[in-house]
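For the sequence shown, position 54 (counting from the first letter as 1) is numbered 54 according to full-length UniProt numbering, and the numbering increases by one without interruption. Built from N, CA and C at the ideal position, the CB exists for glycine as well.
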Amino acid sequence: MEDTISGTNQDDQEQSISDCESGISNPESQYWGDGLIKVDEGNRLHHLIKNRLISGLGSQGAHTRVEAIHRNAYSSYTRRARFHSFQIYSQAIEKKNGGSNVNVKYGWYGGSKDEISEIISHGFGHCRSFEKDGFGCCVFLSPDDSPTESVKSSVIDENGLRHLLLCRVILGKMELVHPGSGQSHPSSEEFDSGVDNLLSPKKYIVWSTHMNTHILPEYVISFRAPFHLEGCERIQDCPKKPTSPWMPFPTLISALSKFLPPQTIKLIAKHHSHFRGHKISRHELIREVRQIAGDKLLTMVIKSFGDKGMVP
Numbered sequence: 001m002e003d004t005i006s007g008t009n010q011d012d013q014e015q016s017i018s019d020c021e022s023g024i025s026n027p028e029s030q031y032w033g034d035g036l037i038k039v040d041e042g043n044r045l046h047h048l049i050k051n052r053l054i055s056g057l058g059s060q061g062a063h064t065r066v067e068a069i070h071r072n073a074y075s076s077y078t079r080r081a082r083f084h085s086f087q088i089y090s091q092a093i094e095k096k097n098g099g100s101n102v103n104v105k106y107g108w109y110g111g112s113k114d115e116i117s118e119i120i121s122h123g124f125g126h127c128r129s130f131e132k133d134g135f136g137c138c139v140f141l142s143p144d145d146s147p148t149e150s151v152k153s154s155v156i157d158e159n160g161l162r163h164l165l166l167c168r169v170i171l172g173k174m175e176l177v178h179p180g181s182g183q184s185h186p187s188s189e190e191f192d193s194g195v196d197n198l199l200s201p202k203k204y205i206v207w208s209t210h211m212n213t214h215i216l217p218e219y220v221i222s223f224r225a226p227f228h229l230e231g232c233e234r235i236q237d238c239p240k241k242p243t244s245p246w247m248p249f250p251t252l253i254s255a256l257s258k259f260l261p262p263q264t265i266k267l268i269a270k271h272h273s274h275f276r277g278h279k280i281s282r283h284e285l286i287r288e289v290r291q292i293a294g295d296k297l298l299t300m301v302i303k304s305f306g307d308k309g310m311v312p
């Protein structure tokens with residue numbers, strides 16, 4: 001699935017995706033709010049994306065079930081602005097590279113349900129720093145025929161589903177980025193993106209400065225996959241013993257009430273209620289609680305509860 005923006009030399013699958021978009025329906029979404037249109041299971045587009053994901057997972061694909069596919073409708077002014085920005089940057093990269101090599105491809109991005117919802121609504125708000133691999137602050141996407149790395153980055157939600165974004169990515173002229181380099185930006189104006197391998201990349205590397213101009217989220221794929229996918233560090237239900245203490249969030253609030261005044265506990269409970277109502281993300285909830293209660297008290301309370309994993 002490739003896209004040249006100019007409309008020439010398109011891959012057959014990419015052209016097929018464009019041809020079948022007119023058949024997308026818009027029932028009320030079971031998983032997402034406004035701005036995403038559900039793709040009918042009988043639609044050819046649904047079939048193409050589903051098969052691309054399952055075939056890319058190899059032997060694990062047989063145990064993977066796609067539950068829903070939604071298309072970004074770019075329904076708000078800001079979403080349309082990001083769409084037009086992507087088109088403008090595509091044209092700019094094409095001109096910069098002498099009228100060729102805009103090199104737009106499809107790539108997968110895995111995250112939590114909250115993170116993906118925020119990306120669809122507001123764009124990429126942060127990059128991930130991959131210190132253990134020696135990469136700087138960037139956004140990693142997996143090539144469309146090799147989604148495994150992005151599946152490893154997905155997080156099982158409260159309904160047992162994982163979620164992936166299928167994005168168009170402006171790669172332009174790519175440079176090889178070595179693990180351990182700590183590189184967090186192009187090495188020169190000549191390059192537009194990075195890869196871990198020039199011949200057979202498993203990671204598309206988009207620098208933080210380009211993450212909202214060079215990546216266009218187009219589809220959200222919600223699916224169920226086996227728990228034994230290798231390297232499921234970010235999957236909440238991965239069947240291994242947690243490496244840090246945890247406790248249920250209501251229990252944490254109750255325990256903190258022994259140390260903090262009622263008004264403070266009320267504020268923490270309010271943030272938790274906002275999280276449950278999908279008004280804030282899990283990351284935002286934890287950040288607020290840490291600021292209110294302090295890490296020292298939280299560590300003491302959680303460790304005293306037992307050796308489990310904290311999940312709000």
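| Item | Value |
| --- | --- |
| Decide yes or no for the touch test of the region 171–190 against the region 149–161: beta carbon pairs closer than 8 Å, at least 3 of them. | no |
| With the cut-off set at 9 Å, would you say residue 53 and residue 61 are in Cβ contact? | yes |
| Taking residue 103 as part of the beta strand (DSSP E), name the residues at either end of that continuous run. | No beta strand (DSSP E) holds residue 103; DSSP gives it neither H nor E. |
| Among residues of its own chain, excluding the 5 on either side of residue 118, which ones have a beta-carbon nearer than 8 Å to its beta-carbon? | 125, 281 |
| Take the Cβ of residue 71 as the centre, count every other Cβ of all protein chains shown within 10 Å, and call the residue buried at 16 or more, exposed below. | buried |
| Return helix, strand or coil for residue 254, following the three-state DSSP convention. | helix |
| Got a sec? Which residues, its chain only, sit under 7 Å from residue 267 by beta carbon, not counting five neighbours each side? | 292 |
| If you compare alpha carbons, which of 199, 207, 198, 201 is closest to residue 192? | 207 |
| Classify residue 259: buried if its beta carbon has 16 or more other beta carbons within 10 angstroms, exposed otherwise. | exposed |
| If the criterion is Cβ atoms closer than 9 Å, does the pair residue 142 and residue 204 meet it? | yes |
| Closer than 7 Å by C-beta to residue 39: which residues in its own chain qualify, once you throw out the five before and the five after it? Chain order, please. | 24, 45, 46, 69, 70, 71 |
| Go to residue 217, then tell me how far its alpha helix (DSSP H) extends in each direction, as first and last residue. | That residue, residue 217, is in no alpha helix (DSSP H); its beta strand (DSSP E) goes 215–224. |
| Using the rule of at least 16 other Cβ atoms within 10 Å of the residue's Cβ for burial, across every protein chain shown, is residue 112 buried or exposed? | buried |
| Mind checking residue 168: buried by the 16 CB within 10 Å criterion, or exposed? | buried |
| Hey, could you find the ends of the alpha helix (DSSP H) residue 267 is sitting in? | 262–276 |
| Assuming residue 285 is part of the alpha helix (DSSP H), what are its boundary residues? | 282–293 |
| Straight-line CA distance for residue 277 to residue 271? | 10 Å |
| At the level of alpha carbons, what is the spacing between residue 140 and residue 286? | 24 Å |
| Among the residues of its own chain, which have a CB less than 7 Å from the CB of residue 55, if the five just before and after it don't count? | 61 |
| Nearest to residue 209 by alpha carbon, out of 279, 138, 261? | 138 |
| In the DSSP assignment, the beta strand (DSSP E) including residue 67 goes from what residue to what residue? | 65–72 |
| Going by C-alpha to C-alpha distance, which of 256, 300, 190 sits closest to residue 98? | 190 |
| How is the alpha helix (DSSP H) around residue 175 delimited, first residue to last? | Per DSSP, residue 175 belongs to no alpha helix (DSSP H); it is in the beta strand (DSSP E), 174–176. |
| Tell me whether residue 145 is buried or exposed, calling it buried when 16 or more other Cβ atoms sit within 10 Å of its Cβ. | exposed |
| Just grab the DSSP bridge partners of residue 194 for me. | 175, 205 |
| Quick one: is the Cβ of residue 224 within less than 8 Å of any heavy atom of the ligand GDP? | With respect to small molecules bound, the structure shown includes none, and the ligand GDP cannot be examined in it. |
| State the beta-bridge partners of residue 142 as determined by DSSP. | 108 |
| Could you check where the alpha helix (DSSP H) with residue 93 kicks off and where it finishes? | 77–96 |
| Looking at the structure shown, is residue 299 part of a helix, part of a strand, or coil, going by DSSP? | helix |
| Beta carbon of residue 103, beta carbon of residue 211: below 9 Å? | no |
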